[in-house]
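Engineer: Quick note: the sequence shown uses the numbering used here, first residue 122, plus one each step.
Where a beta carbon is used, it is the ideal one built from N, C-alpha and C, also for glycine.
Everything numeric in this text was worked out from a predicted model, so none of it was measured.
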Amino acid sequence: MRALVKKEARRGAIELQKVPKPSDLGPREVLIRVNRVSICGSDVHIYEWNKWAASRIRPPRIIGHEFTGEVVKLGSDVELVKEGDIVVAESHIPCMACYQCRTGKMHVCRNTKIIGVDVDGAFADYVKLPEVVLWKIDPSIPAEYASVMEPLGNAIHTASVANLSGKSVLITGVGPIGAMAIAVTKASGSAPIIAAEIKPYRIKMARKIGADYVINPTEQDLVEEVMKITEGNGVDVFLEMSGNPKALADGIKAVTNGGKVSVLGVYDGRIEFDMNLAVFKALTIYGITGREMFKTWHVATQMLKYKQLDLSSVVTHVLDFDDWEEGMELMQSGNCGKIVLKLND
Ligand SMILES: [Zn+2]
Ligand SMILES: [Zn+2]
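1. Thinking residue 448 and residue 235 are a contact (beta carbons under 8 Å), I'd like their distance in whole angstroms, please.
2. For ligand 1, any of its heavy atoms closer than 8 Å to the Cβ of residue 251?
3. Mapping DSSP to helix, strand and coil, what is residue 276?
4. Are there 16 or more other CB atoms within 10 angstroms of the CB of residue 345, so buried, or fewer, so exposed?
5. Within the same chain, show all residues whose beta-carbon is closer than 7 Å to that of residue 350, passing over the 5 residues directly before and after it, in chain order.
6. Pull up the distance between the alpha-carbon of residue 158 and that of residue 354, whole angstroms please.
7. Can you tell me the Cβ-Cβ gap for residue 410 and residue 192, rounded? I've got them flagged as a contact below 8 Å.
8. Starting from residue 307, trace the alpha helix (DSSP H) in both directions and tell me its first and last residue.
9. Report the three-state DSSP secondary structure of residue 419 (helix, strand or coil).
10. Strictly by DSSP, which residues pair up with residue 189?
11. Express the C-alpha separation of residue 205 and residue 299 in angstroms, rounding to a whole number.
12. At what residue ranges does the segment 318-350 contain a whole run of the alpha helix (DSSP H), taking only runs of 4 or more?
13. Give me whichever residues DSSP pairs with residue 256 in a beta bridge.
14. If we call anything under 9 Å between Cβ atoms a contact, is residue 201 one with residue 250?
15. At a threshold of 8 Å, does residue 211 count as lining ligand 1 (C-beta to nearest heavy atom)?
16. Does residue 236 come out as helix, strand or coil in the three-state DSSP assignment?
17. What are the boundary residues of the beta strand (DSSP E) that residue 164 is part of?
18. What is the C-beta distance between residue 67 and residue 368, in whole angstroms, given that I count them as a contact (C-beta under 8 Å)?
19. Under DSSP, the alpha helix (DSSP H) around residue 220 begins and ends at which residues?
20. If you draw a straight line from the alpha carbon of residue 224 to that of residue 217, how long is it in whole angstroms?
21. Would you be able to state if there are at least three C-beta pairs under 8 Å between the segment 420-430 and the segment 256-268?
22. Would you report the Cα separation of residue 340 and residue 433, rounded to the nearest angstrom?
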């Protein structure tokens, strides 16, 4: 089968190879024929071999974790899916034995293994996975959208900390997940939705998806603009998705007293912000990692099945699997939303 393999522990060193199809299914493992995959920022980090990738990944490794496909073979004890099911997968494989897994928090399992990072991933014609991470979806959901349900889940999870109906929201960073957060908050009845972004391509994307206001913080003062829009109140909810320390610090200034802050952005080392301001404004601050298993997946499924979300301006490119390198380059340029690669039908 075809597989995108990180061959060696250095920058680049990813190759489309012919490798043997996975065999020897364990009793609770499932073989899936992959239809579509989507390139994640972390795949680009693996390509570039940043600090995180170098510390975690032991090549050779088949990369990729955002995908959809069809169940083609079951281990002897599999109960959750059957042959022919169309599935997506939670990328974090829980151990099912630690304190968190045993108490209803397997999304923050202490022994999580990540697909395409710690075990072979989905950028291949077939992938072998434990049944616990699989999530059956309605076949009416277009494969291109199904393949981005994992990052969509990040957006849903980040936004889920607040009741959004009629609430003003600030979203800093309109990468693909920020863009999906605009769609999610819109579908949940938020108004106004204020996005902050500096790249021209993504400013356009934010407008297209339905942000009521898009602020470019290199040209305008973010806090001042938010205060103007919200008649001096500040926003009810602030979703930080950029990983930029200034965005977090400014966003906290732009939240109204008693408001909620939800942080998905990951920062390059330690950062500073005014904690006293957060204390005296009585803010609630959430750190968000991954998705909730499987609450978030259920919400994503319903929103897509009943067309509450229009991801057509988020999935900006659908390329052939063989053109994966073009996809990686586009991701590095930032001139794109989600990039989906087509493997099988
Ligand atoms: Zn991802
Ligand atoms: Zn665990």
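Structural biologist: Walking through what the data contain:
1. Actually they are not in contact, since the Cβ atoms of residue 448 and residue 235 sit about 20 Å apart, beyond 8 Å.
2. Not one heavy atom of ligand 1 sits closer than 8 Å to the Cβ of residue 251.
3. DSSP, reduced to helix, strand and coil, places residue 276 within a helical segment of the structure shown.
4. With fewer than 16 other Cβ atoms within 10 Å, it is exposed.
5. The residues 313, 315 and 334, in chain order, have a CB closer than 7 Å to that of residue 350 in the same chain once the five nearest residues on each side in sequence are set aside.
6. Taking the straight line from one Cα to the other gives about 42 Å.
7. A Cβ-Cβ distance of about 28 Å is found for the pair residue 410 and residue 192, leaving them out of contact under the 8 Å criterion.
8. Counting along the chain, the alpha helix (DSSP H) containing residue 307 begins and ends at 297-308.
9. If DSSP states are grouped into helix, strand and coil, residue 419 belongs with the helices.
10. Answer is 157 and 209, bridged to residue 189.
11. Those two C-alpha atoms are separated by around 33 Å.
12. Runs of alpha helix (DSSP H) with 4 or more residues, each lying fully within the segment 318-350, are found at 321-330 and 343-350, listed in chain order.
13. According to DSSP, residue 256 shares a beta bridge with 209.
14. The beta carbons of residue 201 and residue 250 sit no closer together than 9 Å.
15. In this structure, the C-beta of residue 211 stays at least 8 Å away from each heavy atom of ligand 1.
16. DSSP places residue 236 in strand when its eight states are reduced to three.
17. Careful: residue 164 lies outside any beta strand (DSSP E), inside the alpha helix (DSSP H) at 162-169.
18. The chain is shown from 122 up to 466; residue 67 falls before or after that span and cannot be answered.
19. Note, residue 220: alpha helix (DSSP H), 220-223.
20. Taking the straight line joining both Cα atoms gives about 10 Å.
21. Taking 8 Å as the limit for Cβ pairs, the verdict is that the segment 420-430 does touch the segment 256-268.
22. Looking at the backbone, the Cα of residue 340 and that of residue 433 are separated by about 29 Å.
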